[in-house]
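Taking it in order: structure first as structure tokens, then the write-up.
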Amino acid sequence: MQMRPTLSWTPPAGLRPGTTDPEPVADALRSGGVLVLSGAGMSTESGIPDYRGEGGSLRRHTPMTYQEFTASAQARRRYWARSHLGWRTFGRARPNAGHRAVAAFGRRGLLSGVITQNVDGLHQAAGSAGVVELHGSLERVVCLSCGSFEPRRDVARRLAAANPGFEPVAAALNPDGDADLTDEQVGDFRVVPCARCAGVLKPDVVFFGESVPRGRVEHCRALVADAGSLLVLGSSLTVMSGLRFVRQAARAGKPVLIVNNDPTRGDEHALTRVALPLGPTLTALADRLDVPLDEDVAT
């Protein structure tokens, strides 16, 4: 499945407005079997910006496409310079109340699974188990030649050794861990090759214009088929990679519930869209359901 490089979506006229009543979400959680699908808005309260919300990075930044990355050595230099700097900040991000609530719901057996479009690993850090990372993870780097993987922390050490004194000040951080730098700041940044075959390295994340691995997609389809309902958290559903699961659930007659401040591309398929901030809303739902947020959190 290919991630379509859709960067914007305009809500159609007549779209039902959001509500401030989270009770339908509480009802779904009480029934159990809820499959969570989370997006970039899930991590904004951890200091990681989203793409499309108020202040979203797409207002100032166009993500690099897979085609650009693979076709241009200069594009890869620019990406890795920005990503190397952004990784330092990205790696310091910690789970917020929303992540902890999702983990708590999972521990109570209210969820059938978690699919995330995020690449930050914060669901797992909060204690969620069996998270499907639809778009991959910044924790890993893959070689485009031999297919071998390397931990991101090891690549970061090699990049630091190859670029002593590289300490530019970024204008902003983006949801994919990419920091905003000018071409002058990037300068002659040195990209390191694969340690095994000297091939081109790429973060193990799905770029815009790249295909999500088929096996991962089919696994997610199976999770949707087995779920009692689908709960979308903090995703605009602008790209098809997440929207198709909403459409699948709706076609199967499964309730789709969305918690997102702004309208989403999936609203027409949803039973409700709760237009409230994620952290406080999920925390309130946990309290309503008598689910402690930090019980037995793995360290």
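Residue numbers (the numbering used here): -16 to 282. For each residue, glycine too, the CB sits at the ideal point set by N, CA and C.
Measure the alpha-carbon distance for Asn79 versus Gly262 and round it to whole angstroms. 7 angstroms
State yes or no: is the C-beta of Leu20 within less than 8 angstroms of the C-beta of Phe191? no
Residues that DSSP places opposite Lys185 in a beta bridge: Answer is Val125, bridged to Lys185.
Quick check on Gly211: does DSSP put it in helix, strand or coil? Three-state result, Gly211: coil.
Could you please give the first and the last residue of the uninterrupted beta strand (DSSP E) stretch that includes Pro284? The chain is shown only over -16 to 282; residue 284 falls outside these bounds and no answer can be derived.
Taking 7 angstroms as the limit between beta carbons, can you name the residues of its chain near Gly24, skipping five residues before and five after? In chain order, Asp33, Gly36, Gly217, Ser218, Asn243, Leu261 place their CB closer than 7 angstroms to the CB of Gly24, counting only its own chain and leaving out the 5 sequence neighbours on each side.
If you drop the 5 nearest sequence neighbours on each side, which residues of the same chain put their C-beta closer than 6 angstroms to that of Phe132? Arg123, Val125
Sort out for me which residues DSSP pairs Ile98 with in a bridge. Leu20, Val115
Hey, Val195 and Val188 are a contact pair by Cβ (cut 8 angstroms); roughly how many whole angstroms apart? Not really, about 10 angstroms apart at Cβ, beyond 8 angstroms.
Per-residue burial, Ala144 [other beta carbons within 10 Å of its own, 16 or more giving buried]: Around the C-beta of Ala144, fewer than 16 other C-beta atoms lie within 10 Å, and the residue is accordingly described as exposed.
Could you give the distance in angstroms between the alpha-carbon of Leu206 and the alpha-carbon of Leu121? 23 angstroms
Contacting residues, own chain, Cβ-Cβ under 8 angstroms from Arg204 (five flanking each side not counted): Phe228, Gln231
Tell me the residue span of the beta strand (DSSP E) that contains Leu259. That residue, Leu259, is in no beta strand (DSSP E); it is neither H nor E in DSSP.
Contacts around Gly104, its chain only, beta-carbon distance under 7 angstroms, and the 5 residues preceding and following it disregarded: Within the same chain, Cβ atoms closer than 7 angstroms to the Cβ of Gly104 are found at Ser120, Glu122, the five residues on either side in sequence being excluded.
Nearest neighbour of Gln107, chosen from Leu93, Gly92, Ala84, Leu12 [CA to CA]: Ala84
On the three-pair Cβ rule with 8 angstroms, is the segment 250 to 269 touching the segment -9 to 6? yes
Got a sec, what are the start and stop residues for the alpha helix (DSSP H) Val85 sits in? It spans 80 to 90 - the alpha helix (DSSP H) in which Val85 sits, taken as one unbroken run.
Residue from Pro5, Asn157, Ala139 with nearest C-alpha to Asp178: According to the sequence shown, residue 178 is Ala rather than Asp. Among Pro5, Asn157, Ala139, the Cα nearest to that of Ala178 is on Ala139.
When the distance is taken between beta carbons, is Ala86 closer than 8 angstroms to Ser111? yes
With the cut-off set at 8 angstroms, would you say Ala210 and Gly16 are in Cβ contact? yes
For a test of the three-state rule: what should DSSP assign to Ala162, helix, strand or coil? strand
Element boundaries [beta strand (DSSP E), containing Val174]: No beta strand (DSSP E) holds Val174; DSSP gives it neither H nor E.
Status (buried if at least 16 other CB within 10 Å, exposed otherwise) for Thr3: exposed
Starting from Val242 and walking both ways along the alpha helix (DSSP H), at which residues does that stretch end? It is not in any alpha helix (DSSP H) - Val242 instead sits in the beta strand (DSSP E) that spans 239 to 242.
Would you list the residues sitting across from Ser120 in a DSSP beta bridge? Beta-bridge pairing links Ser120 to no other residue.
Beta-carbon within less than 6 angstroms of Cys180's beta-carbon, same chain only, minus the 5 sequence neighbours each way: which residues are those? If we look at Cys180 and ignore the five residues flanking it on each side, its Cβ neighbours are Ser128, Cys129.
With distance defined between alpha-carbon atoms, name the residue in Pro275, Leu265, Asp277, Leu276 nearest to Ala11. Leu265
Status (buried if at least 16 other CB within 10 Å, exposed otherwise) for Glu116: buried
Provide the residue span of the alpha helix (DSSP H) that contains Asp4, from first to last. Taken as a continuous stretch (DSSP letters only), Asp4 belongs to no alpha helix (DSSP H), as it is neither H nor E.
Can you tell which of Ala267, Asp270, Arg256 has its C-alpha closest to the C-alpha of Pro0? Arg256
Are the beta-carbon atoms belonging to His118 and Val97 less than 8 angstroms from one another? no
Pairwise C-alpha distance: Trp70 and Phe149: 13 angstroms
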